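Here the structure is laid out as structure tokens; the discussion comes afterwards.
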Amino acid sequence: MRFLGFKTQRELRPIMQTADLMVLSSLHEAGPLVLLEAAVAGVPTVGTAVGHLVEWAPVCALAVPPGDWAGLAEAVRQVLADDELRLRLAWAAQCRAVREDAALTTRLFEQLYRQLCEARPLR
């Protein structure tokens, strides 16, 4: 484990791609961007069940209750010891991250709003 301090996006991407695992140990989160950054880079995530990580687990990430540090350590050990699990989580997360692309999501919302605006009102 290395603490590298602040990195720009340009500096972060090659670093992220060398990681075996991303650990998100937050007690409170909404939608951590680092979850998407790791997924796009093909890095699996293990973390506490907060924010979007709850929605991603167990298919795209492993999650443990916030504050369960022994459980978090065990989940980290489990993923690092099982290449098949690590690769399966990484692949599923990468696929989900691509589906949750901001540009695609924007287009889908625009399409939905157009359909709603063009629909006849219910009475």
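In terms of the working numbering, the sequence shown opens at residue 123 and continues consecutively.
Glycine included, every Cβ here is placed at the ideal spot set by N, Cα and C.
Just so it is clear, the structure is predicted and the values come from calculations on it, not from any experiment.
Query                                                                                                        : Result
At least 3 beta-carbon pairs within less than 8 Å: the segment 140–148 vs the segment 156–171                : yes
Option in 162, 174, 208 and 137 with minimal Cα separation from residue 154                                  : 174
Separation of residue 178 from residue 143, as counted between CA atoms                                      : 15 Å
As assigned by DSSP and simplified to three states, the class of residue 214                                 : helix
Proximity winner among 138, 160, 166 and 128, relative to residue 206 (alpha-carbon distances)               : 166
Residue 161 beta carbon less than 8 Å from that of residue 216                                               : yes
Three-state secondary structure (DSSP) of residue 172                                                        : coil
Sequence-distant residues of its chain with Cβ nearer than 6 Å to residue 219 (five each side left out)      : 158, 161 and 162
For residue 134, three-class secondary structure by DSSP                                                     : helix
Start-end ranges of the beta strand (DSSP E) lying completely within the segment 137–167, minimum 3 residues : 144–146
Element boundaries [alpha helix (DSSP H), containing residue 181]                                            : Taken as a continuous stretch (DSSP letters only), residue 181 belongs to no alpha helix (DSSP H), as it is neither H nor E.
Residue 211 vs residue 234 beta-carbon contact at 8 Å                                                        : no
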